[in-house]
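Since the structure comes first, as structure tokens, the remarks are kept for the end.
Residue numbers (my numbering), protein chains in the order written: chain F, 504 to 868; chain L, 3 to 273.
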């Protein structure tokens with residue numbers, strides 16, 4: 504079958520499906536049966552008159568009509584049909600109808616897939632660290648209120664905070680390496696529950712549905728630590744800006760808890776606003792795979808001009824990152840050995856909370 | 003698929019997308035949440051809130067506020083708030099002050115930023131609540147809420163205690179700059195010798211929040227609020243001068259703004 508013919512068939516199927524899934528709007532002029540208010544009758548009051556039906560044809564309640572309107576014997580027609588226009592199956596203008604709440608969810612989640620792209624994920628609790636990145640989540644809604652979730656985050660910016668740099672500059676203090684550990688990326692599997700849902704209106708114009716989502720998960724994340732901030736390098740009268748240098752501190756266990764709102768637009772689009780706390784263990788005893796003994800050997804060899812490959816370093820030590828000269832900035836990487844050694848000379852550990860705001864869009868199918 | 007079929011594919015995909023969007027528009031209600039549990043329009047409102055620090059660097063604030071508001075409409079109100087913030091230095095600030103006294107490699111330095119603590123304050127602002135919603139809690143229970151933005155300004159009394167300039171060093175090695183009787187217990191001190199400055203300053207504040215209506219006239223509110231005021235600190239201060247009790251350094255030319263970000267929990271009664 505040619506692609507265009509195939510798509511034409513798809514188009515026809517889509518139209519038929521849309522017609523089936525979109526219920527016909529309830530009539531705005533038909534009288535709607537409503538449940539009268541229950542009031543104790545006055546002792547001398549005559550019995551209430553039986554109202555005459557306005558139309559001989561019995562009104563047909565819509566499929567999603569509230570249960571409060573189902574008692575045929577207590578029904579009475581209402582004179583002004585415009586005040587009884589159905590919205591979500593409830594005559595919202597009728598003061599006799601007490602239940603104007605969310606009768607049922609308009610969009611079912613069970614069995615659906617949801618991809619969420621968070622273009623901006625920004626850390627909001629950074630004291631010694633600053634993170635900004637993007638995230639992609641996949642959720643399979645196993646049940647209406649319970650789903651399985653895979654999440655990935657990549658921080659395209661992660662650095663020590665200006666506050667930490669201020670402490671270094673003004674009072675010669677700084678956070679321990681473990682407290683300033685930076686998260687580069689994370690991948691997790693977890694669950695999501697939507698225990699509450701509701702609806703809201705913006706200036707009484709359009710009605711939107713939302714859910715409160717709570718999620719949690721566990722996985723791994725890649726971390727790094729700032730070895731040297733951005734500096735200026737003076738060589739032969741020329742000044743070069745040397746970018747900040749980071750050292751790899753390995754992958755760590757990652758856990759998360761979070762929550763927020765999912766506002767649904769139509770059947771397949773949603774906006775998500777969430778806060779998620781990424782918790783990861785931090786222990787810094789190696790930088791770029793090199794431990795304290797490795798750095799000691801590198802420092803000794805640096806003074807004597809010895810070849811680093813002959814030092815008998817541990818297998819994971821990436822000594823080449825501390826050797827050579829950057830052709831662009833003419834920065835001698837051997838000068839960073841002492842900085843790496845400082846980071847691991849007092850091994851530090853911490854449990855870090857990276858609390859971030861997530862704003863993104865979902866596509867459900 | 004070759005290049006000849008690409009325009010047809012794109013146009014058909016666009017048609018499909020448009021049809022899908024059209025179908026989704028049909029299920030959006032033009033009506034809204036009509037029946038409010040309580041309408042605050044043209045009513046007076048009294049409130050009490052407690053603010054907790056959302057993030058702490060060198061200072062922490064616990065803010066107690068009372069407010070009076072008039073709701074011109076369901077969506078717009080004018081509110082006056084006044085209160086007092088209980089403030090303190092964080093453990094990090096105390097640690098810096100103790101270690102800096104013994105540091106010999108930093109004789110000239112700048113004061114740290116964002117050290118002002120807010121105490122008494124009063125602000126007036128507008129609250130705009132364009133969103134009214136209902137949240138299904140249990141099968142037959144719903145919570146009615148408003149989401150709002152708040153913006154306003156006023157005056158605040160500010161106090162700044164340095165962690166660098168000690169006018170009377172008692173014990174440099176232990177970092178003691180007060181009259182404590184027990185060197186290991188700072189609570190025994192009755193007088194501190196750290197430099198203290200005070201001032202009154204304009205303050206701006208903005209918030210985003212929710213308020214949930216409990217029953218007729220009662221509501222609880224949750225806010226994320228930012229208090230903003232200009233910072234002031236000195237640069238190039240010399241240790242020898244300040245320890246002699248003499249003025250040192252110059253005001254920072256561009257001190258920037260200080261933000262106090264807080265979670266507010268509150269209760270409102272609508273008369």
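Note that CB positions come from ideal geometry on N, CA and C, so glycine has one too. These numbers were taken from a predicted model, which means no experiment stands behind them.
Residue i burial status per 10 Å Cβ neighbour count (16 or more: buried)
i: residue 660(F); result: exposed
i: residue 261(L); result: exposed
i: residue 98(L); result: buried
i: residue 706(F); result: exposed
i: residue 201(L); result: exposed
i: residue 868(F); result: exposed
i: residue 848(F); result: exposed
i: residue 220(L); result: exposed
i: residue 218(L); result: exposed
i: residue 139(L); result: exposed
i: residue 207(L); result: buried
i: residue 113(L); result: buried
i: residue 157(L); result: exposed
i: residue 170(L); result: exposed
i: residue 143(L); result: exposed
i: residue 823(F); result: exposed
Any chain L beta carbon closer than 8 Å to residue i
i: residue 660(F); result: no
i: residue 630(F); result: yes
i: residue 704(F); result: yes
i: residue 675(F); result: yes
i: residue 669(F); result: yes
i: residue 870(F); result: With chain F covering 504 to 868 only, the question about residue 870(F) has no answer from this structure.
i: residue 701(F); result: yes
Close beta carbons around residue i, own chain, < 7 Å, minus the five adjacent residues each side
i: residue 45(L); result: 73, 272 and 273
i: residue 833(F); result: 736, 738 and 743
i: residue 856(F); result: 628, 780 and 782
i: residue 475(F); result: Residue 475(F) lies beyond the range of chain F shown here (504 to 868); nothing can be said about it.
i: residue 837(F); result: 805, 825 and 826
i: residue 100(L); result: 177
i: residue 479(F); result: Past the boundaries of the shown model lies residue 479(F); chain F is included only from 504 to 868, so the question cannot be answered.
Cβ of residue i within 8 Å of any chain F Cβ
i: residue 133(L); result: yes
i: residue 192(L); result: no
i: residue 109(L); result: no
i: residue 6(L); result: Unreliable positioning characterises residue 6(L) in this predicted model, as indicated by a pLDDT of 45, which lies under 50. The coordinate reading is nonetheless provided below. Residue 6(L) does not count as touching chain F.
i: residue 178(L); result: no
i: residue 257(L); result: no
i: residue 129(L); result: no
i: residue 115(L); result: yes
i: residue 90(L); result: no
i: residue 112(L); result: yes
i: residue 77(L); result: yes
i: residue 272(L); result: no
i: residue 103(L); result: no
i: residue 80(L); result: no
i: residue 137(L); result: yes
Neighbourhood of residue i by C-beta, 6 Å cutoff - its chain only, sequence neighbours within 5 removed
i: residue 255(L); result: none
i: residue 704(F); result: 710
i: residue 53(L); result: 65, 264 and 266
i: residue 258(L); result: 233
i: residue 178(L); result: 172
i: residue 724(F); result: 686, 689, 755, 757 and 783
i: residue 213(L); result: 148, 221 and 223
i: residue 159(L); result: 121, 122 and 202
i: residue 75(L); result: 43
Candidates the options: closest to residue i by CA position
i: residue 240(L); options: 127(L), 107(L), 96(L) and 58(L); result: 107(L)
i: residue 684(F); options: 755(F), 827(F) and 780(F); result: 755(F)
i: residue 741(F); options: 808(F), 823(F) and 831(F); result: 831(F)
i: residue 844(F); options: 715(F), 646(F), 772(F) and 728(F); result: 728(F)
i: residue 133(L); options: 663(F), 854(F), 634(F) and 713(F); result: 713(F)
i: residue 860(F); options: 778(F), 824(F) and 838(F); result: 778(F)
i: residue 71(L); options: 90(L), 42(L), 56(L) and 55(L); result: 42(L)
i: residue 732(F); options: 669(F), 658(F), 674(F) and 698(F); result: 669(F)
i: residue 734(F); options: 747(F), 726(F) and 722(F); result: 747(F)
i: residue 189(L); options: 195(L), 197(L), 196(L) and 180(L); result: 180(L)
i: residue 631(F); options: 774(F), 682(F) and 807(F); result: 682(F)
i: residue 672(F); options: 109(L), 67(L) and 57(L); result: 109(L)
Own chain partners of residue i with C-beta closer than 8 Å, once the 5 adjacent residues on each side are dropped
i: residue 817(F); result: 792, 793, 794, 796 and 797
Heavy atom of the ligand COA within 7 Å of residue i beta-carbon
i: residue 45(L); result: The ligand COA is not part of this structure, which contains no ligands at all.
For the region 647-656 of chain F and the region 686-694 of chain F, state whether three or more C-beta atom pairs, one from each stretch, are separated by less than 8 Å. Enough Cβ pairs lie closer than 8 Å, so yes.
Mind the definition here: the region 637-644 of chain F touches the region 610-625 of chain F only if three or more C-beta pairs lie below 8 Å; say whether that holds. Cβ pair count under 8 Å is three or more, so yes.
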